[in-house]
Each structure stands twice: as structure tokens, then as C-alpha cells.
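Student: Residue numbers for the sequence shown follow this note's numbering, beginning at 1366 and rising by one. Backbone N, C-alpha and C fix where the C-beta goes; we use that ideal spot for every residue, glycine too. Small disclaimer: the values here were computed from a predicted structure and weren't measured.
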Amino acid sequence: MSSANLPEIKFTNTQTQKKEVFKTQVPGVVRFYSCGPTVYDKIHIGNLRSALVADLIYRYLTHVGYDVQYVRNYTDVDDRIIKKAGDQKRTSDQVSSEFIQEVEKDYAVSGVLDPKFKPKATEYVSKMVAFIEGLVSKGSAYEVKGEVFYSVDTFEDYGKLSRQKFDDLEAGHRVEVKSQKKNPLDFSLWKPAKPGEPSWDSPWGKGRPGWHIECSVMAQEILGDQIDLHHGGEDLIFPHHENEIAQSEAATGKKPFARMWLHHAFLTLSKEKMSKSLGNVFTARDFLTKFGGEVARYLLLSVHYRSRLDFSVDSLNQTLQSLERIYEAKKKALEITQLKTRFPDTRAESLWASFVMQVDGASKDIAAHFAYDLNTPGALASVFVVIREFNRILSEPKTQGTPAAILASQALIRLIEEDVGSVLGIGRLLPEKALEQFNGIRSQLSASDKVKLDGSEIEKRIAERNQARRDKDFKRSDEIRDELLAEGVDLLDGPSGTSWKYR
Ligand SMILES: [Zn+2]
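This is the structure:
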């Protein structure tokens, strides 16, 4: 692929907070690293946003013609994995392997494309030891009783990504200063093994790597000393990514470690409100089982990646509405391409000719939206303008079944499936199937709308039931339980009284 045809792309670089032109070290090749999950449990819907934003970046850069060397790691050594393994009398390896499989199922259902490289941290421990040795010999790290710390005072740029003042940070952390650290901000590169924990040999005794060092080492081993693009959630800016920069730039002496840093914003949700109307949908698995991958992708990607995403019943309803508009238009367009053509109608031909020009314009707009910091809402808005015009023309007499109508319909299908669909990973299902699925979700939603009892009303009924039980009126107490059950409320009688939950 010639790099001459690549579009000019601007991304918001976290480090400068400015939109910058994206330039790679090797023309046409992107060295891309995205921080992957710690595999100790099923992933949350918020973690799915991370995987989908990385997938969006990957799909987009591939779509415009880059060769994307894409790495997404698995953190498979971690306190939470070790704790779960201990609790369940299993090895850390068994726990992490189980959840790598689980997370990959969720990714597959969400249409997350496989990265070129999916390294596991434990496969790189010897490289991490060598990397840390390098930092110690340079004076960037020091050992205290089998633990190795990075010395942030030796790295003058510390704080450059999160744009924080070093002195403020230091002062703020003074209270929790650990005595063996030279500076409270110094972080662990190597931790001594506690009994029963997974451990590896090192010059500092048996131990395991800290979290931050993993990504510096895997990025360097697979992509090289300097990478073009690094992505993660905004919660990783400090300290994780700040520390990656400090480690990598100190070790290689090359700046910058990453040319461009992209961070997506949090997903927020009101658990209480959501449970009430949707039940539990906070793990990606629950969500995907109920609503499917297409809905997940649209919901999580139709909001700009740097905007906070409020996941609510409203946002779910809006998602359904938008997807239905897209698939209804696609269905209609596909039907038109199957119609027997009749003689051209002058008026219809001219309407469709101007429509095709509009589609061309939208196609350029969409490309421009994506190239400008992955403006997904802008790109989708352009599609909806075209769909509205398509429906308007169809509502006029004698506009179907002409040669121009077929060409116009094909142009619309391309816009949906290629211009937007191949980047967002939506719009590519068979319309009948997709619409049937959305219908099913709608009936689930309207059924759950009937759960309208609020907490204080439920408490009132529980009190009534308690009274009935004290009065030994078990018929009445059972009635109240059944009434609540019919309203979607489960009662749980325990030693400390009766609690309840929405089903
Ligand atoms: Zn990382």
C-alpha cells in the first residue's frame, strides 16, 4: 500500500491536549499499543468500551490503508488473580486462562477484531528482568530488600503526560510514604514473592514484575523502542502511562516512547436505576446476552471516545431507534435493487441523480469526520441526513423500480456498509435479522417498564407482611410475597430481616 494516498489524520494527544497531525515513524505503518484487561474476572461494560475504542482505532487506520501492528496485552499476573486463585485453591495460571477465554468470547460477540499480537505478561518475565537490570545499572532504579523501585527523581520529565506538577504530587503523598522508598512516587518494578505466590528468579531473589513494567517491555519487544500510538482509558494516564514513559525513555534514551497518546473517557451509569429497569447488565456478558453485539457497538461507539458516556435506558432506546433507522433504510434499498426495472422516469431520474451526488458528499464528510479525532457522532449524523433524503424521495410517486433508483440504493448500501460500517463495525447484518432482534429487545424493555414499584413502596409492603406474619396470618403474608413477585420483586428472608431485589 502506498502511503501517498493516506489521509491527514488528527488525534487529540493527551500529552498536549491538542489535536495533532498523526505521523508514523515508518510511512504507512502504525505501531499501536493498547493496554488490555487484567484477567481475574468477567469484564465490565466499561472495559468493553476500552476494547471497542481500540477496535475502532484499528479498524479506522486499516480502513484508510495503514498496516497496523496492533498489540493488546493480557495482564495475567496481579494481586486480584493471585487472591482468586488462593480462594479457589487453583493456580494463577488456571484463573487467568479461564478469564482470557471468557473475555475473548465477549470480544467475539462484540465484533472486536483480533489484534496482531496478544502477549501475556507472564511470557515476558525474563525480558522484564533484563529491562529492570538495565534501569538499575543506569541509576534509574534501586533495590531495597528484594524489591526494585523506579526512582522518579532521576527522570526529569516525570509528570509530562498527566501534566501534573511534581512537587504538588510529592507533598500530597507524603502521609503515606513507605519508608524504603526514596520518593513516595517511586513505584515498584519488581516485587519480592510472598509464600505461595507465582514467582520467577531474578538478581534480587524470587519475585514478580510490577504492573507498569509489563507494558513497557511488551511494547519494546514487539514494536520496538518507540511506538506511534498508545491507547488506554483515562484512568490509566496516571500513574500507569506516566510510568511507562519514565521506564521506556530512561531505558532506551529515546524520546518520545509514544508519539501519540489517546485516552477514552469513562462510562458512567446509575446502577440502581438500571437494575430496576434492565436487571443486571453490568458485565459485558450480561449486556451482550440481552442486547447483542451490534447494539453494544452502536451504544459504545456512537458517543465520541473522549466524552463521558452515560449508559442509561434512554441511551439504549436511542441506540435502538438509530439502528432501526439504518436497517430499515438498508432493507428498503436492498428491496429496490431486486425490483424489476421499468422505463426511466425523467423526474425520478433527476431526483436520484442528485441523491447519488449527496451520497458522494456524505462519503467525503464521513471520511473527514473520522480523520478529525475519530468523530463518530459526526459520521453517523451524515448518514442520517442521507437516509432522511432517501426516505423522502421514496415517499414520492413513481420513484422506485427505475434504473437510477437501483444505482442510488446501491450507493446508500455502500455508504452504510463500507464508509461507516467497516469503521464502526455496524450495519453489516441482514436487515430482517437485525430488525427482528431489535424488536425482541424492545419487547423486553417494555415488559421491564412495568417494574415501577419504588423502594419505599416495597418497604411498606414488607412491613405489612411482617405484621401479617406476627399475626400468624400466613395466607396474607404469602399473598404479599406473590404480589411483589408479580411486580418483579424478589424477597429474601434472612436472620436480620427481609431484604429485596429487583429481578
Ligand atoms: Zn499498560
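Which same chain residues end up closer than 6 angstroms to E1469 when comparing Cβ atoms and leaving out the 5 residues on each side of it in sequence?
Tutor: Within the sequence shown, the letter at position 104 stands for residue 1469. Hits under 6 angstroms: none found.
Student: Cβ of H1628 within 8 angstroms of any heavy atom in ligand 1?
Tutor: Mapped onto the sequence shown, residue 1628 falls at position 263. No, since every heavy atom of ligand 1 falls outside the 8 angstroms radius drawn around the Cβ of H1628.
Student: Where does P1560 land, buried or exposed, given buried means 16+ other C-beta within 10 angstroms?
Tutor: One-based indexing of the sequence shown puts residue 1560 at position 195. Classification of P1560: exposed, given that the 10 Å Cβ count is below 16.
Student: Per DSSP, what kind of secondary structure is S1475 in: helix, strand or coil?
Tutor: Your numbering for residue 1475 matches position 110 in the sequence shown. S1475 falls in the coil class under three-state DSSP.
Student: Is Q1434 helix, strand or coil by DSSP?
Tutor: Taking the first residue of the sequence shown as position 1, residue 1434 is located at position 69. Note: Q1434 maps to strand in three-state DSSP.
Student: Residues in its own chain within less than 7 angstroms of Y1663 by CB, not counting five upstream and five downstream?
Tutor: In the sequence shown, the residue the question calls residue 1663 occupies position 298. If we look at Y1663 and ignore the five residues flanking it on each side, its Cβ neighbours are T1684, S1687, L1688, I1791.
Student: Between the C-alpha atoms of A1615 and Y1507, what's the straight-line distance to the nearest angstrom?
Tutor: Here residue 1615 refers to the residue found at position 250 of the sequence shown. Here residue 1507 refers to the residue found at position 142 of the sequence shown. One C-alpha to the other measures close to 14 angstroms.
Student: Extract the residue ranges of the alpha helix (DSSP H) inside the region 1618-1646, only unbroken runs of 4 or more that lie entirely within it.
Tutor: 1636-1643
Student: Check the DSSP bridge columns for N1378 and list the partner residues they point to.
Tutor: Position 13 of the sequence shown, counted from the start, is the residue given in the question as residue 1378. Note: N1378 sits in a beta bridge opposite K1383.
Student: Helix, strand or coil for V1542? Go by DSSP, reduced to three states.
Tutor: Taking the first residue of the sequence shown as 1, we reach residue 1542 at position 177. Its pLDDT being 49, under 50, V1542 is placed unreliably by the model, and nothing is read from it.
Student: Measuring only the C-alpha atoms, how far is V1542 from N1548?
Tutor: Translated into the one-based positions of the sequence shown, residue 1542 becomes position 177. Translated into the one-based positions of the sequence shown, residue 1548 becomes position 183. Residue confidence for V1542 is low, a pLDDT of 49 falling below 50, so the modelled location carries little weight; the figure read from the coordinates is stated next. So the alpha carbons of these two residues sit roughly 8 angstroms apart.
Student: Does the region 1792-1803 come within contact of the region 1703-1718, defined as at least 3 CB pairs closer than 8 angstroms?
Tutor: Between the region 1792-1803 and the region 1703-1718, the count of C-beta pairs closer than 8 angstroms stays below three; the two stretches do not touch.
Student: Verify the contact flag: L1526, CB atom, against every heavy atom of ligand 1, threshold strictly below 8 angstroms.
Tutor: Here residue 1526 refers to the residue found at position 161 of the sequence shown. L1526: no, Cβ never under 8 angstroms from ligand 1.
Student: With contact counted as at least three CB pairs below 8 angstroms, one residue from each stretch, are the region 1633-1649 and the region 1391-1401 in contact?
Tutor: no
Student: Quick check: what's the CA-CA separation for E1829 versus V1678?
Tutor: Locating residue 1829 in the sequence shown gives position 464, where the first residue counts as 1. Locating residue 1678 in the sequence shown gives position 313, where the first residue counts as 1. Roughly 32 angstroms separates the two Cα atoms.
Student: Below 9 angstroms between beta carbons: does that hold for F1360 and I1374?
Tutor: The chain is shown from 1366 up to 1868; residue 1360 falls before or after that span and cannot be answered.
Student: Determine the closest residue to L1643 out of F1676, L1632, A1623, S1760, with distance taken between C-alpha atoms.
Tutor: What you label residue 1643 is simply residue 278 of the sequence shown in a count that begins at 1. With respect to the C-alpha of L1643, the residue from F1676, L1632, A1623, S1760 having the closest C-alpha is F1676.
Student: Whose beta carbon lies closer than 5 angstroms to any heavy atom of ligand 3, going through the chain in order?
Tutor: You won't find ligand 3 in this model; what it holds is ligand 1.
Student: In the DSSP assignment, the alpha helix (DSSP H) including I1701 goes from what residue to what residue?
Tutor: Within the sequence shown, numbered from 1, the residue matching residue 1701 stands at position 336. Start and end: 1678-1703.
Student: Based on DSSP bridge pairs, tell me the residues matched to P1860.
Tutor: Looking up residue 1860 in the sequence shown gives position 495. P1860 pairs with nothing; no bridge assigned.
Student: According to DSSP, simplified to helix, strand and coil, what is M1366?
Tutor: Translated into positions along the sequence shown, residue 1366 becomes position 1. Confidence at M1366 is low in this model, with a pLDDT of 49, below 50, so the placement of that residue should be treated as unreliable; the coordinate-derived value is given next. In this structure, M1366 counts as coil in the three-state DSSP scheme.
Student: Quick one: give me the first and last residue of the alpha helix (DSSP H) that K1492 is part of.
Tutor: Taking the first residue of the sequence shown as 1, we reach residue 1492 at position 127. 1490-1503 is the span of the alpha helix (DSSP H), which, as asked, contains K1492.
Student: Compute the Euclidean distance between the alpha carbons of V1509 and V1501, then round it to the nearest angstrom.
Tutor: Taking the sequence shown and counting its residues from 1, the one referred to as residue 1509 is at position 144. Taking the sequence shown and counting its residues from 1, the one referred to as residue 1501 is at position 136. One C-alpha to the other measures close to 12 angstroms.
Student: Out of I1446, D1406, N1608, N1804, which one is the CA nearest neighbour of E1562?
Tutor: Position 197 of the sequence shown holds residue 1562. Out of I1446, D1406, N1608, N1804, I1446 has the C-alpha closest to the C-alpha of E1562.
Student: Once you ignore the five residues that flank T1648 on each side, which residues in its own chain have a CB closer than 8 angstroms to its CB?
Tutor: For the purposes of this step, residue 1648 is taken as residue 283 along the sequence shown, with counting starting at 1. K1407, I1408, H1409, I1410, listed in sequence order.
Student: Can you give the Cα-Cα distance for I1827 and D1651, rounded to whole angstroms?
Tutor: Stepping through the sequence shown from its first residue, residue 1827 is reached at position 462. Stepping through the sequence shown from its first residue, residue 1651 is reached at position 286. Looking at the two C-alpha atoms, the distance is approximately 29 angstroms.
Student: Closer than 7 angstroms by C-beta to V1474: which residues in its own chain qualify, once you throw out the five before and the five after it? Chain order, please.
Tutor: For the purposes of this step, residue 1474 is taken as the residue at position 109 of the sequence shown. So the qualifying residues of the chain are L1653, G1658.
Student: Mind checking who Y1515 pairs with in its DSSP beta bridge?
Tutor: The count along the sequence shown starts at 1 and reaches residue 1515 at position 150. Paired residue(s): A1506, F1552.
Student: Would you please state the rounded distance, in angstroms, between the beta carbons of V1433 and L1426? I believe it to be under 8 angstroms.
Tutor: Mapped onto the sequence shown, residue 1433 falls at position 68. Mapped onto the sequence shown, residue 1426 falls at position 61. Confirmed, about 5 angstroms.
Student: For D1551, does the count of other Cβ atoms within 10 angstroms reach 16, so buried, or fall short, so exposed?
Tutor: Taking the first residue of the sequence shown as 1, we reach residue 1551 at position 186. Label assigned to D1551: buried.
Student: So, at 8 angstroms on beta carbons, what are the nonlocal neighbours of G1766 in its own chain, with the 5 sequence-adjacent residues on each side left out?
Tutor: Taking the sequence shown and counting its residues from 1, the one referred to as residue 1766 is at position 401. Correct list, in chain order: I1701, L1704, K1705, T1706, R1707.
Student: In the DSSP assignment, find the unbroken beta strand (DSSP E) run with I1592 in it and report its ends.
Tutor: Position 227 of the sequence shown, counted from the first residue, corresponds to residue 1592. Note, I1592: beta strand (DSSP E), 1592-1598.
Student: If distances are taken between C-alpha atoms only, which option among F1603, E1599, V1494 comes closest to L1554?
Tutor: Residue numbering aside, residue 1554 sits at position 189 when the sequence shown is read from its first letter. Looking from the CA of L1554, the closest CA among F1603, E1599, V1494 belongs to V1494.
Student: Mind reading off the beta-carbon distance from H1629 to E1599? Whole number of angstroms is fine, and I expect it under 8 angstroms.
Tutor: Counting from one through the sequence shown, the residue named residue 1629 turns up at place 264. Counting from one through the sequence shown, the residue named residue 1599 turns up at place 234. Their Cβ separation, rounded to whole angstroms, is 7 angstroms, which keeps H1629 and E1599 in contact under 8 angstroms.
Student: What is the residue span of the beta strand (DSSP E) that S1572 lies within?
Tutor: By 1-based counting over the sequence shown, the position of residue 1572 is 207. The amino acid occupying residue 1572 in the given sequence is Gly; Ser does not appear at that position. Per DSSP, G1572 belongs to the beta strand (DSSP E) from 1572-1574.
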